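Just so you know, the sequences run in chain order U and G. Mind the numbering: the first sequence is residues 1286 to 1545 in this note's numbering, read in order. Mind the numbering: the second sequence is residues 333 to 481 in this note's numbering, read in order. Note that beta-carbon positions come from the ideal geometry of N, C-alpha and C, so glycine has one too. What you are looking at is a predicted structure, and each value in this text was computed from that prediction instead of being measured.
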Amino acid sequence: MINRIASFGRSGIDLVISFGQAGRFLAGVLSGVPHPATGFPLLMKQLYSVGVLSLAIIVVSGLFIGMVLGLQGYTILSDFGSEAAIGQMIALTLVRELGPVVTALLFAGRAGSALTAEIGLMKATEQLSSMEMMGVDPLRRVIAPRLWAGFIAMPVLAIIFSMVGIWGGMLVGVEWLGVFEGSYWGNMQASVDFWDDVVNGVIKSVVFGFVCAWIAVYQGYDCVPTSAGISSATTKTVVYSSLAVLGLDFVLTAVMFGNF
Amino acid sequence: MTQRTTDITVGLFMLAGLAALLFLALQVSGLSPKSAKSTYTIYADFNDTGGITPRGRVSMAGVTVGTIDSISLNKETFQARVAMSIHGDVDNIPADSAAVIRTSGLLGEQYIDISIGGEMDSLKEGDTFYSTQSAMNIERLISNFASGK
């Protein structure tokens, strides 16, 4: 019994320690400002692998989610004879919620897990320690470009997701089910506000991008340098990122849109 | 892949993001450079605002001429004070016009309709409507009908 309580307490203390380590790690990564001439190409390379290569899954998912929203929205709204409101429903759902959240979940699965596995393998094959031996700071050289790339790529991906989704909704609603195109766009423009809806959605995705990239690089850097350790770190990245995104989304929604 | 190709692809990626943001701004939220034009604020006191909300529509003969800015309670008269900003080019609303809360369709959103008066003077910045008509309340309507009033 005592042992159980002790182990419960120990896991609590471990949790606090790991939060502290993650914070110190983040401070270490952000404090070292890389030289623009060497840092910029590294960042570009990471932006390519984190952002550009995630584009396909983002565009395809956005298209299908927009189309499903159009189909389901039409089924329900046409019962009340207000299928013209389908445009505003799709746009608000995507811009406020689904755009940032689904993009972040896909991003954690597609790019976050890859970041963790890559850094974890670098650690397991002692590339990180050999860099230190050569006097190169791995936090600056390896971790910082990946963190910044995730941070920058995520809002861009979320904006593209929302745009493709709205277009997909139009494809189903207007082209297929015959909602008048003027009322699709008109209702949307009347109800979506640029600052309240679009910009708040972008702020959400900036926060999610930061959290996802941070979790991914920290899990990779902190993993046990064995094959089992890397696999569990990759799993943790996806699980923790998803939970953090969904939890933070509730908090951000309550702060941004909860005042009515 | 050479550094140059990577740079170009990433550049295209960022441009695509910028284009998408522009699409969201112009096509989805209807933000246009024109919408920053001048407006003036006028007020109306209602006994019951029903379901109107800030950012709602203010119309005249069915044409949108402004938006609802804020709704607050006047603590002295216990009426709701609604501030609305009217487009600057609609500057000749007669001073004896009435602000009426209407519903679009049976279940639609509520909005403020300005029914035109006949006076030569027009409402200026900061003026208050002389007469208003509150939101139609279906429950009150039914209870009045049932009690035969």
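Contact with chain U by residue i, beta-carbon distance below 8 Å
i	result
Ala357 of chain G	yes
Gln335 of chain G	yes
Thr338 of chain G	yes
Leu363 of chain G	yes
Any chain G beta carbon closer than 8 Å to residue i
i	result
Met1374 of chain U	no
Ile1488 of chain U	no
Pro1326 of chain U	yes
Leu1332 of chain U	yes
Ser1517 of chain U	no
Val1380 of chain U	yes
Ile1444 of chain U	yes
Met1473 of chain U	yes
Trp1433 of chain U	no
Interface residues of chain G facing residue i [CB-CB closer than 8 Å]
i	result
Val1335 of chain U	None at all; the shortest Cβ gap to chain G is about 10 Å.
Residue from the options whose Cα sits closest to the Cα of residue i
i	options	result
Leu363 of chain G	U:Gly1494, U:Val1484, U:Phe1535, U:Ala1529	U:Val1484
Ile418 of chain G	G:Glu441, G:Asp377, G:Ser370	G:Ser370
Leu1537 of chain U	U:Met1448, U:Ile1488, U:Asp1507	U:Ile1488
Ser1367 of chain U	U:Val1523, U:Phe1436, U:Asn1472, U:Pro1430	U:Asn1472
Thr1401 of chain U	U:Ser1527, U:Ala1518, U:Phe1493	U:Ala1518
Thr464 of chain G	G:Asn406, G:Gly394, G:Asp445	G:Asp445
Glu1271 of chain U	U:Gly1420, U:Val1502, U:Gln1306	Chain U is shown from 1286 up to 1545; residue 1271 of chain U falls before or after that span and cannot be answered.
Ser1339 of chain U	U:Ala1438, U:Lys1330, U:Trp1433, U:Cys1508	U:Ala1438
Thr334 of chain G	U:Pro1321, U:Arg1431, U:Pro1326	U:Pro1326
Ile1428 of chain U	U:Gly1317, U:Gly1543, U:Ile1298	U:Gly1317
Gln1504 of chain U	U:Tyr1525, U:Ala1291, U:Ile1361	U:Tyr1525
Val414 of chain G	G:Val432, G:Pro426, G:Asn424	G:Val432
Val1337 of chain U	G:Ser391, G:Ile400, G:Phe345	G:Phe345
Ala1376 of chain U	U:Asp1482, U:Phe1493, U:Leu1300	U:Asp1482
Thr460 of chain G	G:Gln442, G:Ser429, G:Glu441	G:Ser429
Asp1478 of chain U	G:Ala351, G:Ala348, G:Ser361	G:Ser361
Ser1363 of chain U	U:Met1541, U:Glu1460, U:Ser1512, U:Val1464	U:Val1464
Ala1396 of chain U	U:Arg1431, U:Met1419, U:Gly1313, U:Met1286	U:Arg1431
Contacts that residue i makes with chain U (C-beta to C-beta distance below 9 Å)
i	result
Arg387 of chain G	Ser1476, Asp1478, Asp1481
Partners in chain G for residue i, counting only beta-carbon separations shorter than 9 Å
i	result
Leu1340 of chain U	Phe345, Ala348
Val1441 of chain U	Phe345, Met346, Ala348, Gly349, Leu350, Ala352, Leu353
Trp1470 of chain U	Gln359, Val360, Gly362
Closer than 7 Å: residue i CB and nearest the ligand NAP heavy atom
i	result
Ala357 of chain G	Although the ligand NAP was asked about, the structure shown includes no ligands whatsoever.
Listed by chain order, chain G residues near residue i by CB distance under 7 Å
i	result
Ile1451 of chain U	Val360
Met1448 of chain U	Ala352, Phe355, Leu356
Within chain U, partners of residue i - CB distance below 8 Å
i	result
Val342 of chain G	Met1329, Leu1332, Tyr1333, Gly1336, Val1337
*Taking one C-beta from the segment 1364-1372 of chain U and one from the segment 1438-1445 of chain U each time, how about it: are there three or more such pairs within less than 8 Å?*
no
*Just list the alpha helix (DSSP H) runs in the segment 1452-1534 of chain U, keeping only unbroken ones of 4 residues or longer that don't cross its boundaries, in chain order.*
1466-1476, 1485-1507
*Every unbroken beta strand (DSSP E) inside the segment 372-451 of chain G [3 residues or more]*: 389-392, 395-406, 411-419, 430-435, 442-447
*How do the segment 1461-1480 of chain U and the segment 1386-1403 of chain U stand: do at least 3 beta-carbon pairs fall below 8 Å, yes or no?*
no
*Any contact of the segment 1344-1362 of chain U with the segment 1409-1417 of chain U, i.e. 3+ C-beta pairs under 8 Å?*
no
_Whole alpha helix (DSSP H) elements within the segment 1286-1346 of chain U, 4-residue minimum_ = 1287-1316, 1321-1335
*Report yes or no: do three or more beta-carbon pairs, one from the segment 378-385 of chain G and one from the segment 1459-1472 of chain U, lie closer than 8 Å?*
no
*Considering only residues of the segment 1348-1426 of chain U, which uninterrupted beta strand (DSSP E) runs meet the minimum length of 3 residues and lie entirely inside it, listed in chain order?*
none
*Determine, using beta-carbon pairs with one atom in the segment 1293-1311 of chain U and one in the segment 1522-1529 of chain U, whether at least three such pairs fall under 8 Å.*
No: the two stretches stay apart, fewer than three of their Cβ pairs being nearer than 8 Å.
*asked:* If contact is defined by three or more beta carbon pairs under 8 Å, each pair taking one atom from either stretch, is the segment 343-362 of chain G in contact with the segment 385-392 of chain G?
replied: no
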